[in-house]
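Q: Handing you this structure, nothing more for now.
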């Protein structure tokens, strides 16, 4: 959706993976603009309201798939109801935001939150030539990376012309004639013709919960690795569920299309009589801001410290290609590993074109339980247009490996 | 070197990783233009000839590192001694070739051999605006990939303007006034102002062999995983050695900078009293021709058939980014795996910008013994500028996985 707002994707319809018509051609009775208000898990029925006619009906089921997704966090702050304050969840949010930008000839945008969607929206609004302010509560944006890497992203945001406000939190919104005019923090007020809230999501699991389907501490519907809930005949998939983190073993909710897609497929295979299992997640994610690519997998230092895990870290700034090759740009890679064994625990990458997808090498190594030494001498690909002779992930691994087995230094 | 010839890299000195002066500053007595003619492994001396003064001297050693590299194959064909026939091995080959192109105002080039260097040189010569003919002995170039993927590369070579001659072999060279004028095959004669031989390499191990250092069937010096030869006090590293292929367990010689670099480092660590081991290789390699990226790891179908290994293969044509995202281009991924277990055996990739480095995901999975099903549901990174929701390597894995455990179909 940010790429549509930014004009990189022209056709909103191209964002629709499959239209209702395409589903119907496959014999699937898709009902858009219908809301399920209640699930009766004993009788195996759902109460459905047609949002057009407002009529209710009861539909029976043999198997029910709950795929209600996630909903964006909308903080209960003074002025939040003003016009021109948007979230990015549904296609209609995107279209409404686009329309508002044009109709009200917005010049100044304020984005609240510097996670994935926040920085993607910052790029989009720069492309639309808006004066763009991004307010973030911590010192560095992208809190799923460590602060040292987040500060690199701060730098690029500023360089590209974003008015970056860190260590401040939105506390309210000012409005005139029902339309937002500014975002207030405890320290200042930032003029805004439009505001975009990018404060993360939580699983949309209330409907399931009300039907007695168990929901975990993360707020996501509890499913087994075949996507079945504890209630007979009900399974769930996607952003509304909670899933096992393969590194921590904890149950977490992660709202990402790639995971939702996998879970949907597994759910479908199992319902159709097949047998497929979801292995769990590593916390892999990628995005970009302008030409800066940002990716992460596993656990970062902050997550390790919070869990009291004894770890080593290796970090390197290298180049995406051989230094002498045109188009080479800077890449920073950081890896974390168990201090005692050297077993990889996580990786983070920030760098120019070609940097980001290297996270898949780290994700695969993490899934496989490789050590930093395995990674250092792994037979990865090299040619000048693609990499230095030692891939940056291997140099980071080498630096981390030096500390493996050494006693922890007191901080 | 091809990128220097093509003008993508301007400064020949930038290709020198470390100059003799830089070594000397570190206290290392580097002698360029000196040739070791003989090793006396019993007395621990080498006989050295100064190629400038032509004087010989004997130098003692405690430890000797043989790093003589590989030499390009030069076929013993009629006319091979003519001027204007080049190989690409040393920097001075590159500089001489560059000079020849200019001095003789070459218009027509013939490349003999369509492996990595052959297609890289084809790009370089197109950039120099030469009429470029590439003669290759098989139906498809890039024999380290299967023919179906090689044919995709054939197509791009032709599209970009290379006169591609397949299924023919050079049998001789025509010359006038001592300078090459054509390359002859059994079928035709191809006019050439300059010829570049790109027919692979073999380990330069004669010096070691003459000193009684054992050389394996691949022609490479036999070393253990610490890079020690069977002779006390003599180790070897790089293209002159043979190494263990982690998938087949066979000893092979592979001349790649990435492997040579790792071996050199391991050799140095061990000589300096440390302890490092070379794990072996997967046969990972990458290159590009113009915008087409080409990569491979592990075993291709031809290699599996030759070894009588019962395998499955999965192949997909997908896109490097989300289909709707600008800059998305075609990518073909092929994976091979054990039929019984689904354990990955190899991967090949041909596609547009961003395609090639995905081979590292497959190399890491291969090293780790992952199955196609592991790969299919692995938590790899996704965002529209980087990948479709399912990374192409995962779709290829899925297609292969369908055949795992099924009986082999008679061919």
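Chains as they are written, first to last, in the numbering used here: chain A, 1 to 411; chain B, 412 to 822.
Note that beta-carbon positions come from the ideal geometry of N, C-alpha and C, so glycine has one too.
#1: Is the stretch 172-180 of chain A touching the stretch 73-86 of chain A in the sense that three or more CB pairs, one from each, lie closer than 8 Å?
#2: Terminal residues of the continuous alpha helix (DSSP H) containing residue 208 of chain A?
#3: Tell me the start and end of each unbroken alpha helix (DSSP H) in the stretch 471-535 of chain B that is at least 4 residues and wholly inside, in chain order.
#4: For residue 391 of chain A, which residues in the same chain have their Cβ closer than 6 Å to its Cβ, ignoring the five residues on either side in sequence?
#5: What residues match up with residue 180 of chain A in a beta bridge as DSSP calls it?
#6: Might you give, ordered along the chain, the residues of its own chain that have their beta carbon closer than 8 Å to the beta carbon of residue 553 of chain B, omitting 5 neighbours on each side?
#7: State the start and end residues of the unbroken beta strand (DSSP E) segment that holds residue 728 of chain B.
#8: Distance check for residue 416 of chain B and residue 15 of chain A, CA to CA, integer angstroms please.
#9: Would you call the CB atoms of residue 414 of chain A and residue 681 of chain B closer than 9 Å?
#10: Would you say residue 722 of chain B and residue 683 of chain B are within 9 Å of each other, going by their C-beta atoms?
#11: Sort A:288, A:171, A:32 and A:309 by Cα distance to residue 75 of chain A and report the nearest one.
#12: In chain order, what residues of the same chain lie with their CB nearer than 8 Å to the CB of residue 275 of chain A, ignoring the 5 residues before and after it?
#13: Against chain A, with Cβ distances strictly below 9 Å, would residue 801 of chain B count as a contact?
#14: Using a Cβ cut-off of 9 Å (strictly closer), state whether residue 774 of chain B contacts chain A.
#15: May I ask you to report which of helix, strand or coil DSSP gives residue 411 of chain A?
#16: Can you say whether residue 434 of chain B is buried or exposed, counting buried as having 16 or more other CB atoms within 10 angstroms of its CB?
#17: For residue 769 of chain B, which of helix, strand or coil comes out of DSSP?
#18: On the DSSP bridge list, what partners appear for residue 708 of chain B?
#19: For residue 591 of chain B, decide whether its Cβ has a neighbour in chain A, counting only Cβ atoms nearer than 9 Å.
#20: Within 9 Å of any Cβ in chain B, is that where the Cβ of residue 160 of chain A sits?
#21: Are the C-beta of residue 293 of chain A and some C-beta of chain B separated by less than 9 Å?
#22: Going along chain A in order, which residues have a C-beta closer than 8 Å to the C-beta of residue 792 of chain B?
#23: Answer yes or no: do residue 463 of chain B and residue 535 of chain B have a C-beta to C-beta separation smaller than 9 Å?
#24: I need the boundaries of the beta strand (DSSP E) containing residue 559 of chain B, first residue and last residue.
#25: Checking 9 Å against the spacing of the C-beta atoms, do residue 135 of chain A and residue 168 of chain A come in under that value?
#26: Could you tell me the alpha carbon to alpha carbon distance between residue 420 of chain B and residue 428 of chain B, rounded to whole angstroms?
#27: Show which residues of chain A have a CB atom less than 8 Å away from the CB atom of residue 477 of chain B.
#28: Can you tell me where the beta strand (DSSP E) with residue 12 of chain A in it begins and where it stops?
#29: Per the contact definition of three or more C-beta pairs closer than 8 Å, is the stretch 737-751 of chain B in contact with the stretch 707-725 of chain B?
#30: Does any CB atom of chain B fall closer than 9 Å to the CB of residue 411 of chain A?
#31: Measure the Cβ-Cβ separation of residue 624 of chain B and residue 776 of chain B and say whether it is below 9 Å.
#32: Just checking: is the beta-carbon of residue 660 of chain B within a distance shorter than 9 Å of some beta-carbon in chain A?
#33: Contact check, residue 467 of chain B vs residue 459 of chain B under 8 Å by CB: the rounded distance?
#34: Is any beta-carbon of chain B found at less than 9 Å from that of residue 221 of chain A?
#35: Which residues of chain A have a Cβ atom closer than 9 Å to the Cβ of residue 754 of chain B, listed in chain order?
#36: Which residue spans inside the stretch 766-811 of chain B form an unbroken beta strand (DSSP E) run of at least 3?
A: From the atom records:
#1: yes
#2: 206-210
#3: If you keep only unbroken alpha helix (DSSP H) runs of at least 4 residues inside the stretch 471-535 of chain B, you get 502-514.
#4: Taken in chain order, the residues that qualify are 380.
#5: A:175
#6: 525, 526, 527, 530, 560, 561, 564 and 705
#7: 722-730
#8: 44 Å
#9: Beyond the ends of chain A as shown, which are 1 and 411, falls residue 414 of chain A; an answer cannot be given.
#10: Contact: no.
#11: Among A:288, A:171, A:32 and A:309, the Cα nearest to that of residue 75 of chain A belongs to A:171.
#12: 226 and 269
#13: yes
#14: yes
#15: Legend: pLDDT at residue 411 of chain A = 48, less than 50; position of this residue unreliable, no value from coordinates given.
#16: exposed
#17: The three-state reading of DSSP puts residue 769 of chain B in helix, counting H, G and I together.
#18: B:758
#19: Answer no: the Cβ-Cβ gap between residue 591 of chain B and chain A never drops below 9 Å.
#20: no
#21: Yes, because at least one Cβ of chain B sits closer than 9 Å to the Cβ of residue 293 of chain A.
#22: Simply 258, 284, 285, 286, 295, 297, 356, 357, 359, 360 and 363.
#23: Going by beta carbons, residue 463 of chain B and residue 535 of chain B fall outside the 9 Å limit.
#24: Element bounds for residue 559 of chain B: not the beta strand (DSSP E) but the alpha helix (DSSP H), 558-570.
#25: Here residue 135 of chain A is near residue 168 of chain A, since their CB atoms are less than 9 Å apart.
#26: 14 Å
#27: Going along chain A, no residue has its Cβ under 8 Å from residue 477 of chain B, so there is no contact; the nearest lies around 20 Å.
#28: From DSSP, residue 12 of chain A is part of no beta strand (DSSP E); its letter is neither H nor E.
#29: yes
#30: Its pLDDT being 48, under 50, residue 411 of chain A is placed unreliably in this model, and the value from its coordinates should be taken loosely. Not an interface residue.
#31: No. Outside cutoff.
#32: Taking a beta-carbon distance threshold of 9 Å, residue 660 of chain B does not count as an interface residue toward chain A.
#33: That pair is a contact at about 7 Å.
#34: At least 9 Å separates the CB of residue 221 of chain A from every CB of chain B.
#35: Near residue 754 of chain B there are no residues of chain A at all, since even the closest Cβ is about 13 Å away, more than 9 Å.
#36: The stretch 766-811 of chain B contains no whole beta strand (DSSP E) run of 3 or more residues.
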